[in-house]
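Q: Residue numbers (this note's numbering): 1 to 311.
Even for Gly, the Cβ is constructed at its ideal location relative to N, Cα and C.
Everything numeric in this text was worked out from a predicted model, so none of it was measured.
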């Protein structure tokens, strides 16, 4: 995973550097297509996949949490990026930390049963209740998905439209879109993607809601796939900011990092996902709760009820 999203990925048009990388992108696409040809295992429970069409953050984990809340049931299965668990592991927030299972798994475990597993099929086999909700599983070929939802960040869309490493797409749209049964656009559809996605399935709108402790102006910081999205959400919510500091995705904060931020003299504010990666002694750092809200929850619930098998 890249520590920072390259700026040229999200240029309005492919830059000369992006075009120079197209031969490598072609090789990536060939390898990805070969991997997708693997025979997928079938789980005993229905599988609902929440994935992204691009590399990096688009809101997949908040979407997975919101979907489980709509259904009122389900078991999360995630890779556990950043954790050291190598075998499928049922996450216990009282026992496991970021170093064990990664930051996303800890957030998911607050919302429902969660299993970290590099082998998604092995993780799904441990699920105590269905559906199995795969967080970031669209491009994992080892487990059959009954329903796949692709999450798109409406502010940046699909970037320059090229595949890795020339652009942010994990694979070409001709291959990816037919595997999706629905789409979630988070925020305003600034790139006009809804008409492109709609022929392949329903397109649901959603937004990020932010709850912040009173006070400020805050010095906000975040280490996400697109950390600027946190800043945009805070500004949209009217949260007063003294500044914003981005860090690499999944950054493990050191005491030195926090001391440098404190030296700027403003109260600190970060995300729940970042908070689990803070060092000891950070009780003074305020935490913003960011949750995804669907524009039409009954429509999403009806789609899931109709689309997920009953097994």
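Buried or exposed: residue 243, going by 16 or more other Cβ atoms within 10 Å of its Cβ?
A: Mapped onto the chain shown, residue 243 falls at position 243. Per the 10 Å Cβ criterion, exposed.
Q: Within the chosen definition, does the stretch 161–169 reach the stretch 39–59 through at least 3 CB pairs nearer than 8 Å?
A: They touch, by the three-pair rule.
Q: Residue 70: which of 304, 309 and 311 sits nearest, CA to CA?
A: Looking up residue 70 in the chain shown gives position 70. When each option's Cα is compared against that of residue 70, the closest is 304.
Q: Pick helix, strand or coil for residue 189, following the three-state DSSP scheme.
A: Numbered from 1 along the chain shown, position 189 holds the residue referred to as residue 189. It is coil, neither helix nor strand.
Q: Could you check the C-alpha separation between residue 116 and residue 126 for me, to the nearest Å?
A: Translated into the one-based positions of the chain shown, residue 116 becomes position 116. Translated into the one-based positions of the chain shown, residue 126 becomes position 126. Each residue's Cα considered, the two are about 10 Å apart.
Q: In its own chain, which residues sit with a C-beta less than 7 Å from the C-beta of residue 203, not counting the 5 before and 5 after it?
A: In the chain shown, residue 203 corresponds to position 203, counting from 1. Once the five neighbours on either side are set aside, the close Cβ partners of residue 203 are 183, 185, 194 and 197.
Q: What does the Cβ neighbour count give for residue 367, buried or exposed, with the cut at 16 atoms within 10 Å?
A: Because the chain spans 1 through 311 in this model, residue 367 falls outside it and cannot be assessed.
Q: Please classify residue 255 as buried or exposed, where buried requires at least 16 neighbouring CB atoms within 10 angstroms.
A: Locating residue 255 in the chain shown gives position 255, where the first residue counts as 1. Under this definition residue 255 is an exposed residue.
Q: Hey, how far is the Cα of residue 224 from the Cα of residue 236?
A: In the chain shown, counting from the first residue as 1, residue 224 sits at position 224. In the chain shown, counting from the first residue as 1, residue 236 sits at position 236. Each residue's Cα considered, the two are about 18 Å apart.
Q: Apart from the five residues just before and just after residue 6, which ones in its own chain have a Cβ nearer than 6 Å to its Cβ?
A: As a working note, residue 6 is residue 6 in the chain shown. Excluding positions up to five away in sequence, the list is empty.
Q: Let me know if residue 17 comes out buried or exposed under the rule of 16 or more other beta-carbons within 10 Å of its beta-carbon.
A: Stepping through the chain shown from its first residue, residue 17 is reached at position 17. By the 10 Å Cβ count, residue 17 comes out exposed.
Q: Assuming residue 77 contacts residue 91 (C-beta within less than 8 Å), just tell me the rounded distance between them.
A: Numbered from its first residue, the chain shown carries residue 77 at position 77. Numbered from its first residue, the chain shown carries residue 91 at position 91. Rounded, the Cβ-Cβ distance is 10 Å, inconsistent with contact.
Q: Leaving aside the five residues before and after residue 121 along the sequence, list all residues of the same chain whose C-beta is less than 6 Å from its C-beta, in chain order.
A: Taking the first residue of the chain shown as position 1, residue 121 is located at position 121. Taken in chain order, the residues that qualify are 41, 142 and 143.
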